[in-house]
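Heads up: the sequence shown runs through residues -9 to 269, numbered per the numbering used here. Heads up, the beta-carbon is just placed ideally off N, CA and C, and yes, glycines get one too. All values reported here derive from a predicted model rather than from experimental measurement. Here is the structure we will look at, set down as structure tokens.
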Amino acid sequence: MLSVVENCFSPRTAAFFDLDKTVIAKSSTLTFSKSFYQGGLINRRAVLRTAYAQFVFLAGGADHDQMEGMREYLSALCKGWNVELVKEIVAETLHDLIDPIIYDEAATLIEEHHTAGRDVVIVSTSGAEVVEPIGELLGADRVVATRMVVGDDGCFTGEVEYYAYGPTKAEAIKELAVSEGYDLSRCYAYSDSATDVPMLESVGHPHAVNPDRALRREATLREWPILVFNRPVRLKQRLSAFSMPPRPALVAAAAVGAAAVTAGLVWYASRRRAAVLAG
């Protein structure tokens, strides 16, 4: 059970979530293939190929070589795409495509981490044009995602500016820890893939979610918790539970709560003369 609220005098903490098969049940990028086809960005052959890639991804998780091959294919595929058109297509189809495949268990965890005063950060290999709207939908505080180079004409050049994959995810988390003041030893991380072991081992509370075979072995060896998420649900179906007060209000409530707890402990110590109090 997650702690109710972080001590307001402690260093800041965060929960880092991989996206595909951890928060949502499919590949975020491949899920939009039909929408990109309808928008004129790809042809029918590309739709079939991405459908096959989605099948491979869901069947057992893509290994390093498959992920590299997918990156090269998608980079070449999106060369010449108008970035604003991509954003429009994602915005128009986001709720229809992504909302139904969000894991209820993941949404609950995000809610619990926010309640505890932790930032929620989505860290995904998919492109920023896809991940950022999904992060906003989920109520994430920050997003780390792959960035493609955009030319002067507003179109993707086919080159990758930043690839959020493997060790680079861990590097991004460490950079955020410095800039945001996170204490990584008290932070949480969640992923389904062995390629994210560097990210998982960079925090004090790593979790394997729907792990592939390699990550399951690693998690068992390291005694990391293994979680199973299998209940996709629309957020609007659980809106009353998922909705959170604005973050400033949440922080204020946390401060008031912590102050009340502190006052209670002081009173208890004076009455019982306890040498050590368990917080």
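Runs of the alpha helix (DSSP H) spanning 4 or more residues and lying entirely within the stretch 71 to 126 occur at 73 to 87, 94 to 105, in chain order.
In the three-state DSSP reduction, I163 falls in the helix class (H, G or I). Straight-line spacing of the CA atoms in D173 and G30 works out to 46 Å. Apart from the 5 residues on each side of it in sequence, S25 sits with its Cβ closer than 6 Å to the Cβ of I79, T83 in its chain, given in chain order. A direct Cα-to-Cα measurement between R203 and D143 gives close to 43 Å. For T136, DSSP records a beta bridge to G117. Around the beta-carbon of R108, 16 or more other beta-carbon atoms lie within 10 Å, marking it buried. Around P1, the same chain offers G171, Y172, D173, R176 as residues with beta carbons nearer than 8 Å, after the five sequence neighbours per side are excluded. Taking a cut-off of 8 Å for Cβ pairs, the stretch 136 to 154 and the stretch 179 to 195 do not touch, as fewer than three such pairs fall below it. Looking at the backbone, the Cα of I112 and that of F219 are separated by about 17 Å.
In this structure, the CA atom of P157 is about 22 Å from the CA atom of I14. For A204, no beta strand (DSSP E) run applies; the uninterrupted alpha helix (DSSP H) run containing it begins and ends at 203 to 212, by DSSP.
Secondary structure remark: continuous alpha helix (DSSP H) runs of at least 4 residues inside the stretch 143 to 188, in chain order: 157 to 170. Just so you know, the alpha carbons of P123 and I91 end up roughly 15 Å apart. Rounded to the nearest whole angstrom, the C-alpha separation of F146 and G117 is 11 Å. DSSP links A198 through a beta bridge to S181, I216. Taken through DSSP and simplified to helix, strand or coil, A130 comes out as coil. Sequence-distant Cβ neighbours of A81 in its own chain, meaning closer than 8 Å and more than five residues away, are P123.
A160 is not a Cβ neighbour of M138, given a cutoff of 8 Å.
Here V133 is buried: its Cβ has 16 or more other Cβ atoms, across all protein chains shown, within 10 Å. The DSSP-derived three-state label of A4 is strand. Setting aside the 5 residues that flank it on each side, Y155 is surrounded in the same chain by T115, each with a C-beta closer than 6 Å to its C-beta; the list follows chain order.
Sixteen is the threshold: since fewer than 16 other Cβ atoms of the shown chains lie within 10 Å of the Cβ of P215, the residue is exposed. Looking at the DSSP output, I14 bridges to D10, I92.
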